[in-house]
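Numbering (this note's numbering), first residue to last: 1 to 296.
Shown next as C-alpha coordinates:
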(Lines of atoms letter the chains of each structure in order from A and count residues from 1; the text may use other names and numbers.)
(Lines give C-alpha, C1' and ligand atoms only; values in the text may rest on other atoms or scores of the structure.)
Protein backbone atom coordinates (compact mmCIF):
# COMPACT_ATOMS: atom_id res chain seq x y z
CA UNK A 1 0.00 0.00 0.00
CA UNK A 2 2.78 2.41 0.97
CA UNK A 3 4.72 1.39 -2.13
CA UNK A 4 1.67 2.08 -4.29
CA UNK A 5 1.21 5.51 -2.70
CA UNK A 6 4.86 6.39 -3.34
CA UNK A 7 4.57 5.35 -6.97
CA UNK A 8 1.46 7.56 -7.33
CA UNK A 9 3.23 10.47 -5.62
CA UNK A 10 6.29 10.16 -7.84
CA UNK A 11 4.12 9.92 -10.94
CA UNK A 12 2.21 13.05 -9.94
CA UNK A 13 5.37 14.96 -9.09
CA UNK A 14 7.35 14.15 -12.20
CA UNK A 15 4.58 13.77 -14.78
CA UNK A 16 1.65 15.96 -13.74
CA UNK A 17 1.34 19.29 -15.51
CA UNK A 18 -1.36 21.95 -15.89
CA UNK A 19 -1.31 24.30 -18.86
CA UNK A 20 -3.55 27.37 -18.95
CA UNK A 21 -4.13 29.33 -22.14
CA UNK A 22 -5.97 32.66 -22.25
CA UNK A 23 -6.37 33.47 -25.93
CA UNK A 24 -7.74 36.69 -27.35
CA UNK A 25 -7.81 37.94 -30.91
CA UNK A 26 -4.43 39.64 -30.49
CA UNK A 27 -2.39 37.40 -28.18
CA UNK A 28 -2.45 34.20 -26.13
CA UNK A 29 -1.02 34.03 -22.61
CA UNK A 30 0.17 30.59 -21.51
CA UNK A 31 1.06 29.50 -17.98
CA UNK A 32 2.69 26.12 -17.36
CA UNK A 33 2.54 24.54 -13.92
CA UNK A 34 4.93 21.61 -13.47
CA UNK A 35 6.33 19.73 -10.47
CA UNK A 36 4.48 21.91 -7.99
CA UNK A 37 5.56 25.29 -9.39
CA UNK A 38 4.86 27.62 -12.29
CA UNK A 39 7.86 27.09 -14.56
CA UNK A 40 6.76 28.85 -17.71
CA UNK A 41 4.93 31.97 -18.86
CA UNK A 42 4.78 32.31 -22.62
CA UNK A 43 3.01 34.76 -24.91
CA UNK A 44 2.09 33.78 -28.46
CA UNK A 45 -0.15 35.24 -31.13
CA UNK A 46 -3.92 35.10 -30.70
CA UNK A 47 -5.55 31.80 -31.73
CA UNK A 48 -9.16 32.72 -32.42
CA UNK A 49 -10.47 29.71 -34.40
CA UNK A 50 -12.62 32.03 -36.51
CA UNK A 51 -9.43 33.39 -38.07
CA UNK A 52 -6.79 30.72 -37.32
CA UNK A 53 -6.74 27.43 -39.22
CA UNK A 54 -6.11 24.13 -37.44
CA UNK A 55 -2.65 23.99 -39.04
CA UNK A 56 -1.90 27.52 -37.78
CA UNK A 57 -2.98 26.61 -34.24
CA UNK A 58 -0.89 23.43 -34.40
CA UNK A 59 2.15 25.34 -35.64
CA UNK A 60 2.01 28.00 -32.92
CA UNK A 61 1.51 25.49 -30.10
CA UNK A 62 4.02 23.04 -31.55
CA UNK A 63 6.75 25.66 -31.78
CA UNK A 64 6.16 27.42 -28.46
CA UNK A 65 4.49 25.06 -25.99
CA UNK A 66 5.47 21.52 -27.04
CA UNK A 67 9.16 22.01 -26.07
CA UNK A 68 8.00 22.61 -22.47
CA UNK A 69 6.32 19.18 -22.25
CA UNK A 70 8.34 15.97 -21.98
CA UNK A 71 7.40 13.07 -24.23
CA UNK A 72 4.72 10.97 -22.54
CA UNK A 73 4.12 13.54 -19.81
CA UNK A 74 0.53 13.72 -18.60
CA UNK A 75 -0.99 17.18 -18.76
CA UNK A 76 -4.29 18.89 -18.14
CA UNK A 77 -4.73 21.66 -20.71
CA UNK A 78 -7.35 24.35 -20.17
CA UNK A 79 -7.76 26.61 -23.18
CA UNK A 80 -9.97 29.70 -22.85
CA UNK A 81 -10.34 31.58 -26.11
CA UNK A 82 -12.20 34.21 -28.04
CA UNK A 83 -14.22 32.55 -30.78
CA UNK A 84 -14.68 29.42 -28.65
CA UNK A 85 -18.28 29.91 -27.54
CA UNK A 86 -19.74 27.53 -30.13
CA UNK A 87 -19.35 23.74 -30.05
CA UNK A 88 -17.95 23.47 -33.58
CA UNK A 89 -15.05 25.86 -33.03
CA UNK A 90 -14.37 24.52 -29.52
CA UNK A 91 -14.09 21.06 -31.05
CA UNK A 92 -11.73 22.38 -33.72
CA UNK A 93 -9.34 23.72 -31.07
CA UNK A 94 -9.72 20.67 -28.81
CA UNK A 95 -8.94 18.18 -31.59
CA UNK A 96 -5.90 20.18 -32.67
CA UNK A 97 -4.45 20.37 -29.15
CA UNK A 98 -5.16 16.66 -28.56
CA UNK A 99 -3.11 15.78 -31.64
CA UNK A 100 -0.15 17.67 -30.20
CA UNK A 101 -0.53 16.21 -26.68
CA UNK A 102 -2.10 12.74 -27.10
CA UNK A 103 -3.40 11.21 -23.89
CA UNK A 104 -3.72 14.54 -22.10
CA UNK A 105 -6.96 16.04 -20.83
CA UNK A 106 -7.98 18.97 -23.03
CA UNK A 107 -10.79 21.33 -22.07
CA UNK A 108 -11.70 24.24 -24.34
CA UNK A 109 -14.01 27.03 -23.18
CA UNK A 110 -14.82 30.58 -24.19
CA UNK A 111 -12.68 33.47 -23.02
CA UNK A 112 -15.86 34.80 -21.41
CA UNK A 113 -16.15 31.80 -19.08
CA UNK A 114 -12.47 32.24 -18.34
CA UNK A 115 -13.07 35.87 -17.41
CA UNK A 116 -15.99 34.91 -15.16
CA UNK A 117 -13.99 32.21 -13.37
CA UNK A 118 -10.99 34.51 -12.95
CA UNK A 119 -12.98 37.52 -11.74
CA UNK A 120 -15.78 35.89 -9.76
CA UNK A 121 -14.63 32.38 -8.84
CA UNK A 122 -17.69 30.74 -7.31
CA UNK A 123 -19.71 33.90 -6.68
CA UNK A 124 -22.54 35.45 -8.67
CA UNK A 125 -21.95 38.62 -10.65
CA UNK A 126 -21.38 40.25 -14.02
CA UNK A 127 -18.07 39.62 -15.76
CA UNK A 128 -16.86 41.77 -18.65
CA UNK A 129 -14.03 41.74 -21.17
CA UNK A 130 -12.76 45.00 -22.62
CA UNK A 131 -9.81 44.22 -24.88
CA UNK A 132 -9.47 44.20 -28.66
CA UNK A 133 -13.13 43.16 -28.59
CA UNK A 134 -15.69 43.30 -25.79
CA UNK A 135 -18.08 40.86 -24.13
CA UNK A 136 -20.06 40.40 -20.93
CA UNK A 137 -22.12 37.84 -19.07
CA UNK A 138 -24.25 37.14 -16.03
CA UNK A 139 -22.53 34.36 -14.06
CA UNK A 140 -24.16 32.32 -11.29
CA UNK A 141 -20.93 31.11 -9.67
CA UNK A 142 -20.65 28.02 -11.86
CA UNK A 143 -21.81 28.84 -15.35
CA UNK A 144 -22.84 31.67 -17.65
CA UNK A 145 -26.61 32.07 -17.45
CA UNK A 146 -27.02 35.09 -19.73
CA UNK A 147 -24.93 36.75 -22.44
CA UNK A 148 -25.78 39.85 -24.45
CA UNK A 149 -24.11 39.06 -27.81
CA UNK A 150 -21.20 41.43 -28.51
CA UNK A 151 -21.69 41.15 -32.32
CA UNK A 152 -18.11 42.01 -33.26
CA UNK A 153 -16.49 45.32 -34.14
CA UNK A 154 -18.82 46.06 -37.08
CA UNK A 155 -22.13 45.72 -35.22
CA UNK A 156 -21.10 46.04 -31.59
CA UNK A 157 -18.04 45.52 -29.35
CA UNK A 158 -18.81 48.76 -27.52
CA UNK A 159 -16.02 49.85 -25.18
CA UNK A 160 -13.42 47.71 -26.96
CA UNK A 161 -10.11 48.64 -28.54
CA UNK A 162 -11.61 48.02 -31.97
CA UNK A 163 -14.57 50.30 -31.23
CA UNK A 164 -12.34 53.06 -29.87
CA UNK A 165 -9.89 52.74 -32.76
CA UNK A 166 -12.73 52.81 -35.28
CA UNK A 167 -13.98 56.10 -33.85
CA UNK A 168 -10.47 57.57 -33.77
CA UNK A 169 -9.79 56.70 -37.39
CA UNK A 170 -13.18 57.89 -38.61
CA UNK A 171 -12.89 61.20 -36.77
CA UNK A 172 -9.38 61.76 -38.14
CA UNK A 173 -10.22 60.89 -41.75
CA UNK A 174 -13.50 62.86 -41.75
CA UNK A 175 -11.82 65.94 -40.26
CA UNK A 176 -13.96 65.78 -37.10
CA UNK A 177 -11.01 65.35 -34.74
CA UNK A 178 -9.93 68.68 -33.16
CA UNK A 179 -7.07 70.34 -35.05
CA UNK A 180 -4.31 69.99 -32.46
CA UNK A 181 -5.26 66.39 -31.73
CA UNK A 182 -5.37 65.59 -35.45
CA UNK A 183 -1.91 67.07 -35.87
CA UNK A 184 -0.54 64.80 -33.12
CA UNK A 185 -2.36 61.78 -34.53
CA UNK A 186 -1.10 62.38 -38.07
CA UNK A 187 2.47 62.86 -36.87
CA UNK A 188 2.44 59.60 -34.88
CA UNK A 189 0.77 57.32 -37.42
CA UNK A 190 1.35 58.94 -40.84
CA UNK A 191 -1.66 57.13 -42.25
CA UNK A 192 -4.20 58.07 -44.92
CA UNK A 193 -7.62 57.05 -46.20
CA UNK A 194 -6.31 54.61 -48.82
CA UNK A 195 -4.14 52.69 -46.35
CA UNK A 196 -6.90 52.52 -43.74
CA UNK A 197 -9.49 51.31 -46.26
CA UNK A 198 -7.09 48.62 -47.47
CA UNK A 199 -6.31 47.34 -43.96
CA UNK A 200 -9.89 47.49 -42.69
CA UNK A 201 -11.71 46.04 -45.68
CA UNK A 202 -9.08 43.80 -47.24
CA UNK A 203 -6.63 43.12 -44.41
CA UNK A 204 -6.30 39.77 -42.63
CA UNK A 205 -6.97 41.06 -39.09
CA UNK A 206 -8.98 44.30 -39.33
CA UNK A 207 -10.07 44.48 -35.68
CA UNK A 208 -6.48 44.05 -34.49
CA UNK A 209 -5.34 46.76 -36.89
CA UNK A 210 -8.05 49.18 -35.79
CA UNK A 211 -7.40 48.53 -32.09
CA UNK A 212 -3.69 49.27 -32.53
CA UNK A 213 -4.49 53.01 -32.66
CA UNK A 214 -5.75 53.03 -29.06
CA UNK A 215 -2.20 53.63 -27.85
CA UNK A 216 -2.83 57.24 -28.92
CA UNK A 217 -5.54 57.54 -26.26
CA UNK A 218 -3.14 56.29 -23.57
CA UNK A 219 -0.52 58.81 -24.61
CA UNK A 220 -2.99 61.71 -24.68
CA UNK A 221 -5.31 60.82 -21.84
CA UNK A 222 -5.37 64.36 -20.44
CA UNK A 223 -6.83 65.69 -23.68
CA UNK A 224 -10.56 66.40 -23.39
CA UNK A 225 -11.33 64.87 -26.79
CA UNK A 226 -9.66 61.58 -25.78
CA UNK A 227 -11.39 61.50 -22.40
CA UNK A 228 -14.78 62.12 -23.98
CA UNK A 229 -14.24 59.43 -26.60
CA UNK A 230 -13.44 56.90 -23.85
CA UNK A 231 -16.31 58.06 -21.65
CA UNK A 232 -18.84 57.82 -24.47
CA UNK A 233 -17.61 54.35 -25.46
CA UNK A 234 -17.90 53.04 -21.89
CA UNK A 235 -21.39 54.54 -21.61
CA UNK A 236 -22.36 52.72 -24.80
CA UNK A 237 -21.04 49.47 -23.33
CA UNK A 238 -23.10 49.91 -20.17
CA UNK A 239 -26.30 51.00 -21.91
CA UNK A 240 -26.17 48.40 -24.68
CA UNK A 241 -24.92 45.48 -22.59
CA UNK A 242 -24.81 45.73 -18.79
CA UNK A 243 -28.24 47.32 -18.38
CA UNK A 244 -29.91 44.39 -20.14
CA UNK A 245 -29.05 41.83 -17.45
CA UNK A 246 -31.71 41.09 -14.85
CA UNK A 247 -30.72 42.49 -11.46
CA UNK A 248 -27.65 44.32 -12.78
CA UNK A 249 -27.97 47.05 -10.16
CA UNK A 250 -27.68 44.54 -7.31
CA UNK A 251 -24.47 42.89 -8.53
CA UNK A 252 -20.80 43.77 -8.72
CA UNK A 253 -19.54 44.36 -12.24
CA UNK A 254 -15.97 43.17 -12.81
CA UNK A 255 -13.64 43.62 -15.77
CA UNK A 256 -10.61 42.13 -17.43
CA UNK A 257 -8.74 43.19 -20.56
CA UNK A 258 -6.24 45.84 -21.60
CA UNK A 259 -8.82 48.57 -22.25
CA UNK A 260 -10.44 48.12 -18.83
CA UNK A 261 -7.02 48.01 -17.17
CA UNK A 262 -5.34 51.02 -18.78
CA UNK A 263 -8.43 53.25 -18.66
CA UNK A 264 -9.81 52.00 -15.35
CA UNK A 265 -10.15 55.46 -13.78
CA UNK A 266 -12.51 56.64 -16.51
CA UNK A 267 -14.33 53.29 -16.53
CA UNK A 268 -14.92 53.34 -12.77
CA UNK A 269 -16.08 56.96 -12.93
CA UNK A 270 -18.65 56.05 -15.60
CA UNK A 271 -19.89 53.09 -13.54
CA UNK A 272 -20.35 55.43 -10.58
CA UNK A 273 -22.32 57.90 -12.72
CA UNK A 274 -24.77 55.10 -13.52
CA UNK A 275 -25.02 54.10 -9.86
CA UNK A 276 -23.42 50.72 -10.50
CA UNK A 277 -21.18 48.72 -8.17
CA UNK A 278 -17.68 48.07 -9.46
CA UNK A 279 -15.95 44.81 -8.65
CA UNK A 280 -12.39 44.04 -9.63
CA UNK A 281 -10.49 45.23 -12.68
CA UNK A 282 -7.62 42.96 -13.73
CA UNK A 283 -5.40 43.15 -16.80
CA UNK A 284 -5.34 39.45 -17.69
CA UNK A 285 -7.11 36.37 -16.28
CA UNK A 286 -4.46 33.66 -16.83
CA UNK A 287 -2.93 33.74 -13.32
CA UNK A 288 -6.35 33.66 -11.69
CA UNK A 289 -7.39 30.76 -13.92
CA UNK A 290 -4.36 28.77 -12.81
CA UNK A 291 -5.39 29.35 -9.19
CA UNK A 292 -8.95 28.31 -10.05
CA UNK A 293 -7.88 24.98 -11.51
CA UNK A 294 -5.34 24.26 -8.78
CA UNK A 295 -8.13 24.61 -6.21
CA UNK A 296 -10.39 22.14 -8.01
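C-beta: ideal position from N, C-alpha, C; glycine also.
Residue 241 and residue 35 have their C-alpha atoms roughly 42 Å apart. Scanning its chain for C-beta atoms nearer than 6 Å, with the 5 sequence neighbours on each side dropped, one finds around residue 238 the residues 274, in chain order. Separation of residue 198 and residue 213 (C-alpha to C-alpha, rounded to the nearest whole angstrom) is 16 Å. Annotation: residue 268 to residue 63 spans about 40 Å, alpha carbon to alpha carbon. Beta-bridge partners assigned by DSSP to residue 30: 21 and 42. Ranking 293, 77 and 215 by CA distance to the CA of residue 164 puts 215 first.
Under the Cβ criterion (8 Å, minimum of three pairs), the segment 244 to 255 does not count as touching the segment 79 to 95. Contact between residue 46 and residue 28 holds: their C-beta atoms lie close to 6 Å from each other, under 8 Å.
Setting aside the 5 residues that flank it on each side, residue 276 is surrounded in the same chain by 238, 242, 248, 249 and 253, each with a C-beta closer than 8 Å to its C-beta; the list follows chain order. Per DSSP, residue 88 is one residue of the alpha helix (DSSP H) stretching across 87 to 100.
In the DSSP annotation of this structure, the continuous segment of the alpha helix (DSSP H) that includes residue 165 starts and ends at 161 to 174. Residue pairing for residue 109: DSSP places it in a beta bridge opposite 80. The beta-carbon separation of residue 144 and residue 118, rounded to 13 Å, does not stay under the 8 Å limit for a contact.
For the 7 Å CB-CB criterion, residue 20 and residue 289 form a contact.
With fewer than three CB-CB distances shorter than 8 Å, the segment 174 to 183 does not count as touching the segment 154 to 164. If you draw a straight line from the Cα of residue 123 to the Cα of residue 136, it comes to about 16 Å. From the listed residues 159, 26, 257 and 104, the smallest Cα separation to residue 283 is found for 257.
Judged by beta-carbon spacing, residue 259 lies within the 7 Å limit of residue 161, meaning their Cβ atoms are closer than that value.
128 is the residue among 159, 128 and 133 whose C-alpha sits nearest the C-alpha of residue 146. In this structure, residue 38 keeps its C-beta atom at 7 Å or more from the C-beta atom of residue 76.
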